[in-house]
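In this note's numbering, the protein residues as written are -7 to 130.
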(Lines of atoms letter the chains of each structure in order from A and count residues from 1; the text may use other names and numbers.)
(Lines give C-alpha, C1' and ligand atoms only; values in the text may rest on other atoms or scores of the structure.)
Protein backbone atom coordinates (compact mmCIF):
# COMPACT_ATOMS: atom_id res chain seq x y z
CA UNK A 1 0.00 0.00 0.00
CA UNK A 2 2.84 2.52 0.64
CA UNK A 3 3.89 2.17 -3.02
CA UNK A 4 0.41 3.27 -4.12
CA UNK A 5 0.65 6.48 -2.12
CA UNK A 6 4.23 6.98 -3.33
CA UNK A 7 3.18 6.55 -6.95
CA UNK A 8 0.24 8.90 -6.44
CA UNK A 9 2.49 11.53 -4.86
CA UNK A 10 4.99 11.15 -7.71
CA UNK A 11 2.24 11.61 -10.29
CA UNK A 12 1.03 14.74 -8.49
CA UNK A 13 4.55 16.24 -8.43
CA UNK A 14 5.74 15.23 -11.88
CA UNK A 15 2.55 14.84 -13.84
CA UNK A 16 1.55 12.29 -16.42
CA UNK A 17 5.19 11.50 -17.31
CA UNK A 18 5.98 10.04 -13.89
CA UNK A 19 6.79 6.66 -15.45
CA UNK A 20 9.65 8.20 -17.43
CA UNK A 21 11.47 9.39 -14.31
CA UNK A 22 14.15 6.99 -13.13
CA UNK A 23 13.80 5.85 -9.53
CA UNK A 24 16.50 7.11 -7.20
CA UNK A 25 18.48 4.26 -5.74
CA UNK A 26 20.93 5.23 -3.01
CA UNK A 27 22.87 2.01 -3.45
CA UNK A 28 23.98 3.14 -6.93
CA UNK A 29 25.71 6.17 -5.39
CA UNK A 30 27.61 4.34 -2.64
CA UNK A 31 31.31 4.28 -3.54
CA UNK A 32 30.50 5.66 -7.03
CA UNK A 33 32.41 8.92 -7.32
CA UNK A 34 31.28 9.92 -10.88
CA UNK A 35 27.58 9.61 -9.98
CA UNK A 36 28.10 11.57 -6.77
CA UNK A 37 29.92 14.31 -8.72
CA UNK A 38 27.14 14.36 -11.32
CA UNK A 39 24.53 14.59 -8.56
CA UNK A 40 26.47 17.48 -6.98
CA UNK A 41 26.68 19.29 -10.34
CA UNK A 42 22.94 18.87 -10.85
CA UNK A 43 22.34 20.21 -7.35
CA UNK A 44 24.53 23.25 -8.10
CA UNK A 45 22.72 23.86 -11.40
CA UNK A 46 19.35 23.59 -9.66
CA UNK A 47 20.52 26.00 -6.95
CA UNK A 48 21.80 28.46 -9.56
CA UNK A 49 18.53 28.24 -11.48
CA UNK A 50 16.61 28.74 -8.26
CA UNK A 51 18.60 31.88 -7.42
CA UNK A 52 18.14 33.25 -10.95
CA UNK A 53 14.41 32.57 -10.84
CA UNK A 54 14.17 34.21 -7.40
CA UNK A 55 15.83 37.36 -8.76
CA UNK A 56 13.53 37.32 -11.76
CA UNK A 57 10.51 37.00 -9.47
CA UNK A 58 11.70 39.99 -7.41
CA UNK A 59 12.19 42.06 -10.58
CA UNK A 60 8.73 41.11 -11.84
CA UNK A 61 7.16 41.93 -8.46
CA UNK A 62 8.85 45.34 -8.63
CA UNK A 63 7.46 45.90 -12.13
CA UNK A 64 4.00 44.85 -10.97
CA UNK A 65 4.20 47.31 -8.08
CA UNK A 66 5.26 50.13 -10.41
CA UNK A 67 2.47 49.29 -12.84
CA UNK A 68 -0.06 49.28 -9.99
CA UNK A 69 1.11 52.76 -8.97
CA UNK A 70 0.85 54.00 -12.56
CA UNK A 71 -2.61 52.44 -12.85
CA UNK A 72 -3.71 54.12 -9.63
CA UNK A 73 -2.43 57.50 -10.84
CA UNK A 74 -4.21 57.08 -14.17
CA UNK A 75 -7.45 56.12 -12.43
CA UNK A 76 -7.26 59.33 -10.36
CA UNK A 77 -6.63 61.39 -13.50
CA UNK A 78 -9.54 59.67 -15.22
CA UNK A 79 -11.92 60.41 -12.35
CA UNK A 80 -10.84 64.07 -12.37
CA UNK A 81 -11.35 64.29 -16.13
CA UNK A 82 -14.77 62.65 -15.80
CA UNK A 83 -15.80 65.25 -13.23
CA UNK A 84 -14.52 68.05 -15.44
CA UNK A 85 -16.22 66.67 -18.54
CA UNK A 86 -19.50 66.40 -16.63
CA UNK A 87 -19.20 70.05 -15.64
CA UNK A 88 -18.41 71.02 -19.23
CA UNK A 89 -21.42 69.06 -20.45
CA UNK A 90 -23.69 70.81 -17.98
CA UNK A 91 -22.30 74.22 -19.00
CA UNK A 92 -22.75 73.44 -22.70
CA UNK A 93 -26.27 72.18 -22.11
CA UNK A 94 -27.13 75.32 -20.14
CA UNK A 95 -25.66 77.50 -22.89
CA UNK A 96 -27.62 75.64 -25.56
CA UNK A 97 -30.88 75.98 -23.63
CA UNK A 98 -30.24 79.69 -22.99
CA UNK A 99 -29.38 80.23 -26.64
CA UNK A 100 -32.53 78.47 -27.81
CA UNK A 101 -34.79 80.37 -25.45
CA UNK A 102 -32.96 83.64 -26.18
CA UNK A 103 -33.33 83.22 -29.94
CA UNK A 104 -36.99 82.37 -29.47
CA UNK A 105 -37.56 85.48 -27.35
CA UNK A 106 -35.42 87.75 -29.57
CA UNK A 107 -37.23 86.74 -32.76
CA UNK A 108 -40.73 86.89 -31.37
CA UNK A 109 -43.16 89.67 -32.39
CA UNK A 110 -42.66 91.99 -29.47
CA UNK A 111 -38.86 92.18 -29.84
CA UNK A 112 -37.55 92.00 -26.26
CA UNK A 113 -34.01 92.81 -25.06
CA UNK A 114 -34.00 89.88 -22.58
CA UNK A 115 -33.65 87.47 -25.51
CA UNK A 116 -30.46 89.19 -26.61
CA UNK A 117 -29.10 89.10 -23.05
CA UNK A 118 -29.81 85.36 -22.94
CA UNK A 119 -28.03 84.86 -26.28
CA UNK A 120 -24.97 86.83 -25.13
CA UNK A 121 -24.86 85.02 -21.77
CA UNK A 122 -25.15 81.67 -23.59
CA UNK A 123 -22.22 82.63 -25.81
CA UNK A 124 -20.17 83.64 -22.75
CA UNK A 125 -20.97 80.35 -21.00
CA UNK A 126 -20.02 78.41 -24.13
CA UNK A 127 -16.68 80.28 -24.38
CA UNK A 128 -16.00 79.52 -20.71
CA UNK A 129 -16.80 75.85 -21.31
CA UNK A 130 -14.53 75.80 -24.36
CA UNK A 131 -11.61 77.46 -22.59
CA UNK A 132 -11.88 75.26 -19.49
CA UNK A 133 -11.77 71.99 -21.43
CA UNK A 134 -8.74 69.77 -20.69
CA UNK A 135 -5.74 70.45 -22.89
CA UNK A 136 -4.11 67.60 -24.78
CA UNK A 137 -0.65 67.93 -23.21
CA UNK A 138 -1.81 68.25 -19.60
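In this text, a Cβ means the ideal position worked out from N, Cα and C, and glycines have one as well.
The beta-carbon separation of residue 37 and residue 21, rounded to 17 Å, does not stay under the 8 Å limit for a contact. Rounded to whole angstroms, the gap between the alpha carbons of residue 48 and residue 63 is 22 Å. Residue burial is scored here from C-beta neighbours: residue 92 has fewer than 16 other C-beta atoms within 10 angstroms and is therefore classed as exposed. With 16 or more other Cβ atoms inside 10 Å of its own Cβ, residue 94 counts as buried. Judged by DSSP secondary structure, residue 21 falls outside any alpha helix (DSSP H); it is assigned neither H nor E. Rounded to whole angstroms, the Cβ separation of residue 116 and residue 83 is 10 Å, and the two are not in contact under 8 Å.
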